[in-house]
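From first to last, the protein sequence lines are chains A and B. By the numbering used here, the letter at position 57 of the first sequence is numbered 135, and the numbering carries on one by one without gaps. By the numbering used here, the letter at position 23 of the second sequence is numbered 25, and the numbering carries on one by one without gaps. From the three backbone atoms N, C-alpha and C, an ideal C-beta is built for every residue, glycine too. Predicted model, so just to flag it, every value in this text is computed and none were measured.
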Amino acid sequence: QQKVQQSPESLIVPEGGMASLNCTFSDRNSQYFWWYRQHSGEGPKALMSIFSNGDKKEGRFTAHLNKASLHVSLHIKDSQPSDSALYFCATSGGNYKPTFGKGTSLVVHP
Amino acid sequence: GPKVLQIPSHQIIDMGQMVTLNCDPVSNHLYFYWYKQILGQQMEFLVNFYNGKVMEKSKLFKDQFSVERPDGSYFTLKIQPTALEDSAVYFCASSLVGGDTQYFGPGTRLLVL
């Protein structure tokens, strides 16, 4: 059964700083990887998907995937207070049955 | 961006009764999902649904749970009968194709007394 571990559990960064979130997964057959952000009282919103090894950059967000080391990360450059939220990584294989991590709580203080 | 709607936003129900949670997915999406989340914790997959059929379900998708999408209307999750441990926030999601980004609704907060 797929296990997804996220670290750190919580993270505090100053406004304008870099936030780095990590995720390790257990199933080498994982094919699809996503990062979601969830603000309190709302549903998760997809930030990025990444399916191939390497980096993927979208604006201030960069995802990095290394399937060999079973690791995916998200880096947020120039963090803003509005980035404060719960961040989940999720992964699935070809059965489209995503497993989510427990989340990283990010606080960006002005 | 694309929006998924969920009705109702909150539901309080007595244990043993039936509840139906409704989801209005993104209009051209083909895959539909239900998740359960307790108190801002981990999102847990319940079931996915494609072409009128359940494709995959998790151990959390008990026999008391059922899903359907009659004639392209709401995608529903029915729990009958409900149990105390069913209290949670239930999120619906949809995606254009399997493996594509999922769009989540705002959730239905279910409290079973």
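- Excluding residues up to 5 positions away in sequence, I128, A141 lie with their Cβ nearer than 6 Å to the Cβ of A:K134 in the same chain.
- Inclusion of A:Y114 and A:T169 in the CB contact set at 8 Å is not warranted, their separation being larger than that value.
- Neighbours of B:N50 in chain A, taken as residues whose beta carbon is under 7 Å from its own, are Y174, K175 in chain order.
- Our two residues, B:K80 and B:Y92, have alpha carbons roughly 11 Å apart in a direct line.
- Sequence-ordered contacts of the region 55–79 of chain B with chain A read M57, E58, S60 [C-beta pairs closer than 8 Å].
- Residue-level contact by beta carbon fails for A:S108 and chain B, as no gap is shorter than 8 Å.
- In this model, A:W112 and A:G121 are separated by some 15 Å (Cα to Cα).
- DSSP places B:A90 in the uninterrupted beta strand (DSSP E) bounded by 90–97.
- By alpha-carbon distance to B:N24, the top candidate from B:L113, B:L115, B:S11 is B:S11.
- For B:Q13, the enclosing beta strand (DSSP E) covers residues 12–15.
- Under the DSSP assignment, A:I90 falls in the beta strand (DSSP E) whose first and last residues are 88–92.
- As the crow flies, the alpha-carbon of A:V82 is around 13 Å from that of A:Y165.
- Distance between A:E87 and B:Q66, taken at the CA atoms: about 34 Å.
- Residue contact check for B:Y33 against chain A: a CB pair falls below 8 Å.
- Collapsing the DSSP output to three states places A:G95 in coil.
- Under the three-state reduction of DSSP, A:S108 is assigned to coil, being neither helix nor strand.
- Of the candidates B:Q19, B:I15, B:D26, B:Q13, the residue whose Cα lies closest to the Cα of B:F106 is B:D26.
- Only those residues of the region 152–169 of chain A whose C-beta falls short of 9 Å from the nearest C-beta of chain B are listed: L164, F166, A168.
- Comparing C-alpha distances from A:K123 to each of B:L113, B:C94, B:G100 shows the shortest one belongs to B:C94.
- By the C-beta criterion, the region 142–160 of chain A is judged not to be in contact with the region 48–65 of chain B, since fewer than 3 inter-stretch pairs fall below 8 Å.
- Think of a sphere of 8 Å around the beta carbon of B:Q43: the chain A residues whose beta carbon falls inside it are K180, G181, in chain order.
- Going by DSSP, A:G132 is part of the beta strand (DSSP E) stretching over 132–136.
- Rounded to whole angstroms, the Cβ separation of A:T102 and A:L148 is 5 Å, and the two are in contact under 8 Å.
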